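Enquirer: Can you keep this structure in mind? I'll have questions shortly.
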Amino acid sequence: MGAGTTGSNVKNTAGSIRIWDNTQQQFIKGPMKMGVFMGDHVKTAINTQFSSGTVVSSFVNLYSQLSKLAPKFVPMFSWGIDENKFYTLDNLLDEINRWMMMKGHHLTDLDKETITSIYKLHIQ
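Residues in the sequence shown are numbered consecutively from 2, following the working numbering.
Spelled out as structure tokens, the structure:
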């Protein structure tokens with residue numbers, strides 16, 4: 002996560018927090034305290050802000066040209082906040098591999114196959 006990335010876990014009104022239910026494909030009423038749900042391989046820009054109950058799916062690169070809160074739900078493979086853009090599969094695999102190499106690891110063939118299968122299910 003980029004420096005200064007922050008998240009809230011309670012509403013200013015102390016009310017219930019709406020959270021995204023992927024099964025129902027809609028927001029549902031949640032508890033009074035709920036932080037951020039974040040999937041694997043998510044990157045955030047400097048000073049990204051999350052409201053209570055935000056759901057960030059896997060394989061996301063969050064950045065914005067504007068100073069605003071991240072959306073309450075960010076779908077898989079999203080690229081940025083301001084426009085409805087998504088990773089290309091080649092760019093995603095290259096980026097994940099670069100990050101893993103910085104940590105002394107690499108993408109295995111099984112990793113690539115798994116990510117490719119998930120990508121094809123979500124991006125048409």
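Beta carbons are placed, not taken as given, at the ideal position from N, Cα and C, and that holds for glycine. Just so we're clear, the structure is a prediction, and the values are computed from it rather than from any experiment.
Starting from the C-beta of L94, find all residues in its chain whose C-beta is less than 7 Å away, skip the five residues before and the five after it, and write them out in chain order.
Expert: Mapped onto the sequence shown, residue 94 falls at position 93. L108, K113, I116.
Enquirer: Assuming the contact rule is C-beta atoms closer than 8 Å, K73 and N62 should be a hit. Round their C-beta distance to whole Å, please.
Expert: Along the sequence shown, read from residue 1 onward, the residue named residue 73 stands at position 72. Along the sequence shown, read from residue 1 onward, the residue named residue 62 stands at position 61. The Cβ separation is near 18 Å, so there is no contact.
Enquirer: How many Å lie between A71 and N10 at the Cα?
Expert: Along the sequence shown, one-based indexing puts residue 71 at 70. Along the sequence shown, one-based indexing puts residue 10 at 9. Distance between the alpha carbons of A71 and N10: 14 Å.
Enquirer: Please report the distance separating the alpha-carbon of T7 from that of N48.
Expert: Taking the first residue of the sequence shown as position 1, residue 7 is located at position 6. Taking the first residue of the sequence shown as position 1, residue 48 is located at position 47. Rounded to whole angstroms, T7 to N48 spans 7 Å at the Cα level.
Enquirer: If we ignore side chains and look at the alpha-carbon of each, how far apart do D22 and F87 end up?
Expert: Residue mapping note: residue 22 aligns to position 21 of the sequence shown, counting from 1. Residue mapping note: residue 87 aligns to position 86 of the sequence shown, counting from 1. Spanning the two alpha carbons is a distance of roughly 21 Å.
Enquirer: Go to Q62, then tell me how far its beta strand (DSSP E) extends in each direction, as first and last residue.
Expert: Locating residue 62 in the sequence shown gives position 61, where the first residue counts as 1. The residue you asked about is not Gln; residue 62 is Asn in the sequence shown. 61–63 is the span of the beta strand (DSSP E), which, as asked, contains N62.
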